[in-house]
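The block underneath contains the structure these notes are about, expressed in structure tokens.
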């Protein structure tokens, strides 16, 4: 039986169900000192001085370090592969602690103490004198002349502007009879909200620095810690244990450099940095709020003549992943609904908000919200059914993108839309709901998305792994592509068992914990890349291991390797399948051969030079209580073509989680800031409205399995895609129910109240009387 | 500032224990730091996320906002207490595995203890009731879908019924 394509239990499920799985804090040495960070209480300022005397006098405080003590080495934080080309390296714009405060919550000092209470008291006892500067929170205002400037290197606050031109937009829009749909769309700042907050601890060992950290990207963290401390990268060892979710926040280097440096300042003693939930919201990373201006020119028969899209991405205070997100976001437009005449522009702009970085979807949830809202508005302007309009205009079969090399081989968009429409019973319900005129109205909506797999050709795509044949015939497997909750280790076990020829995925011992001193270099968990890129390297290393197994068996049994195969953990004759030697016998015989002892192992690196389109859609059915300004989701389905499924049950689980995040993005989540001070207002799980058990209907996950031609296992991206199309599907369902097109998310009761009032659906009698 | 300590006697996972604790410590701190019961997770430390949930005299509490000294004389169960001495998982833990209700695993211990409280009521609940009773826990990985299935399936099994989703 094939090992891939089966819904087997996760390799880490037992320990997680038993509560035995160790996360970073569960490995904490008992004597670790507490590092607590002083966060600036100004949105934009220079620190003039910090009086540390009161803090230093507190019993238990070991050391106080401030922004006046840190090395003057700016470093980048994005979890991107290193580039040998300096022009493509990430922007190095922050120090370990910053004198120039660029957002409310910036790191300006630390207190290191014997216990947590003393460390917190120490932080509160610091006396900071600021030279206050004007601040700016809004992208467009930050681009205005005379706006407060965040970084000297980036005058006008623009981190980067890129554009894409196709055809001749200016000429194309002169075509007679075109209908113009021009609108603005706004997406909010949201946060990842993995349930395990970020944390790490660091200590010196034999003159080197070891950091145990809750990260998605151990090998990249090693490089950045080395950069930030001015130490050779080999001086740093990063250990990544199990982590309690990441969703992109931990695809950034967070406080590992600061923690490592603090250890060096207290003689190499173990120090710990543990972010509180409140800090995680503000002083880690957030999703980019992106504002869109879209002008679409339509022909009466329902085709798109030309399109102009401007994306304004709010970067916050530091570059982090920077323009990569807005660039990816902008790039989606030309491929999603291709047309001959395009003008696309994107700007990434610094503001005095928390730094925005990677978050599940990497610009695509924002792009999808704007694009799919606009497409819905276009269908409405034409008086066309939005399903039909999409079927007419969405990326056609055989569409090829020259840059990524991706091809839509199977017409996946239409297959997904057909399947979703069938599940939700689109045609019937659309007709039925059209008659709703009361206070509670039902609606149905849809949205689509596409997503790349991995980062080729923009960045390096490489994966390395190691396979060791154990004496019992099992295989130990190590790679740098990390398990972060998504189930990567289980997918690897299945792929290794398949590729080597083992009887079960349980015969693969996946070393989940990465240690950069030991684990072959991999880039980590991001870009929905792991299963795809690890697949190439797994196939290659498995072939090497099989070659060694067959050669060893052939030599010992006086046979020819070419006549042998490995099936169900046994070397067999290809001709009739008869057993030659089991892997366990072979491993023992080889290892304990008194003359030619051999540990059968293999290791290799594969550089991937391809990419793959992943596709999907969401259909949502809602009930909108107009007077109550409340939306109830009645039914929701995501349909994905992510190639062949390695583990269908885990794939569905991945989709549920993405849909949940999309529901939050669509209806409730938003990090708010005080306009007067720049202070975050709701950086906790009570006031920030993460969706709960009560906010979800049954979440339906369905798949179209078209094997991806470039992948040895026929697989492609699924990690991020499920979070891309949910929010616009909900927006379009609300539009369908009420006739009110809402062009910003989250569509929470406050927004509905405003929009329904404006549309005349509700009126405030009290206001009219006064 | 002087630190006060107090001896707390209680029963944890079936064993009578006592330990001197800082009177300011939370039950989470005591269970994790003094008893190494690291299945008690910290997601917010202010009673918002449910990751630190434990059973106190059979009832679920957020142990992060429950003082350690209040545990005097109480019977406390953490996730470590659900597994049999022979290492067998309980029915609800097994159901979480079967239904793929576990991803990163960080919210799992808290959910399992609330599920145990629900199931120990030994009666059938409606879907809405189940959702409401489980809503004190936040999860960012699963969309709650498979957790719901695992709890509902186990509830049916305990009543001698099977459910086909």
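Residue numbers (the working numbering), protein chains in the order written: chain P, 515 to 1284; chain B, 371 to 535.
Don't be surprised by glycine CBs; every beta carbon is placed ideally from N, CA and C.
{"Check": "Examine chain B for any beta-carbon lying closer than 7 Å to the beta-carbon of residue 722/P, and answer yes or no.", "Outcome": "no"}
{"Check": "Apart from the five residues just before and just after residue 1035/P, which ones in its own chain have a Cβ nearer than 8 Å to its Cβ?", "Outcome": "733, 976, 978, 994, 1119"}
{"Check": "Starting from residue 1049/P, trace the alpha helix (DSSP H) both ways and give me its first and last residue.", "Outcome": "1044-1071"}
{"Check": "Could you work out which residues of chain P lie near residue 313/B, taking near to mean beta carbons separated by less than 9 Å?", "Outcome": "Beyond the ends of chain B as shown, which are 371 and 535, falls residue 313/B; an answer cannot be given."}
{"Check": "By the 10 Å Cβ neighbour count, where 16 or more other Cβ atoms means buried, how is residue 476/B classified, buried or exposed?", "Outcome": "buried"}
{"Check": "Is DSSP giving residue 700/P helix, strand or coil here?", "Outcome": "strand"}
{"Check": "Is residue 393/B buried or exposed, if buried means 16 or more other CB atoms sit within 10 Å of its CB?", "Outcome": "exposed"}
{"Check": "For residue 736/P, which of 1234/P, 1184/P, 1037/P, 1053/P has the nearest alpha-carbon?", "Outcome": "1037/P"}
{"Check": "My understanding is that residue 743/P touches residue 774/P, with C-beta atoms under 8 Å, so please give their C-beta distance in whole angstroms.", "Outcome": "6 Å"}
{"Check": "Under the rule that 16 or more other beta-carbon atoms within 10 Å means buried, what is residue 703/P, buried or exposed?", "Outcome": "buried"}
{"Check": "Interface residues of chain B around residue 1173/P at Cβ under 8 Å?", "Outcome": "513"}
{"Check": "Taking the beta strand (DSSP E) that residue 991/P belongs to, which residues open and close that run?", "Outcome": "989-993"}
{"Check": "Looking at the unbroken alpha helix (DSSP H) that takes in residue 1169/P, where does it start and where does it end?", "Outcome": "1162-1181"}
{"Check": "Closer than 7 Å by beta-carbon distance: list the chain A residues that pair up with residue 384/B, in chain order.", "Outcome": "In the displayed structure, chain A is absent; the protein chains listed are P and B."}
{"Check": "Work out the CA separation of residue 433/B and residue 470/B for me, nearest whole Å.", "Outcome": "26 Å"}
{"Check": "Using the Cβ count rule (16 or more neighbours within 10 Å means buried), how would you classify residue 903/P?", "Outcome": "buried"}
{"Check": "Ignoring anything shorter than 3 residues or poking outside the segment 576-601 of chain P, list the beta strand (DSSP E) runs there in chain order.", "Outcome": "none"}
{"Check": "Which residue marks the beginning of the beta strand (DSSP E) containing residue 811/P, and which one marks its end?", "Outcome": "803-812"}
{"Check": "Any contact of the segment 705-721 of chain P with the segment 572-588 of chain P, i.e. 3+ C-beta pairs under 8 Å?", "Outcome": "no"}
{"Check": "What residues match up with residue 644/P in a beta bridge as DSSP calls it?", "Outcome": "561/P"}
{"Check": "Taking just the CA atoms, how far does residue 1032/P sit from residue 778/P?", "Outcome": "23 Å"}
{"Check": "Classify residue 1036/P as helix, strand or coil using the three-state DSSP reduction.", "Outcome": "strand"}
{"Check": "Checking 7 Å against the spacing of the C-beta atoms, do residue 523/B and residue 485/B come in under that value?", "Outcome": "no"}
{"Check": "The alpha helix (DSSP H) with residue 1267/P in it runs from where to where?", "Outcome": "1263-1272"}
{"Check": "So, is residue 1204/P buried or exposed, given that buried needs 16 or more other C-beta atoms within 10 angstroms?", "Outcome": "buried"}
{"Check": "Please give me, in chain order, every unbroken run of the beta strand (DSSP E) with length at least 3 that falls completely inside the segment 723-761 of chain P.", "Outcome": "750-754"}
{"Check": "Which residues, taken in chain order from the segment 801-812 of chain P, show a beta carbon closer than 8 Å to some beta carbon of chain B?", "Outcome": "none"}
{"Check": "Going by the CB atoms, is the gap between residue 802/P and residue 757/P shorter than 7 Å?", "Outcome": "no"}
{"Check": "Taking residue 849/P as the reference, which of 827/P, 898/P, 823/P, 865/P has the closest Cα?", "Outcome": "823/P"}
{"Check": "Is any non-hydrogen atom of the ligand ADP found closer than 6 Å to the C-beta of residue 376/B, if you look at the structure I gave you?", "Outcome": "In terms of ligand content, the structure shown is empty, and the ligand ADP therefore cannot be addressed."}
{"Check": "Given a cut-off of 7 Å on the beta-carbon distance, is the pair residue 633/P and residue 541/P in contact?", "Outcome": "no"}
{"Check": "Comparing the C-beta of residue 463/B with each C-beta of chain P, is any distance below 7 Å?", "Outcome": "yes"}
{"Check": "When you compare the CB positions of residue 669/P and residue 648/P, do they come within less than 7 Å of one another, or not?", "Outcome": "no"}
{"Check": "Near residue 1062/P, which residues of its chain fall below 7 Å by C-beta distance, leaving aside the five closest residues on each side in sequence?", "Outcome": "1114, 1116"}
{"Check": "Spatial neighbours of residue 472/B within its chain, please: CB distance less than 7 Å, with the 5 preceding and 5 following residues excluded, ordered by chain position.", "Outcome": "466, 478"}
{"Check": "Near residue 968/P, which residues of its chain fall below 7 Å by C-beta distance, leaving aside the five closest residues on each side in sequence?", "Outcome": "975, 1041, 1043, 1046, 1047, 1122, 1125"}
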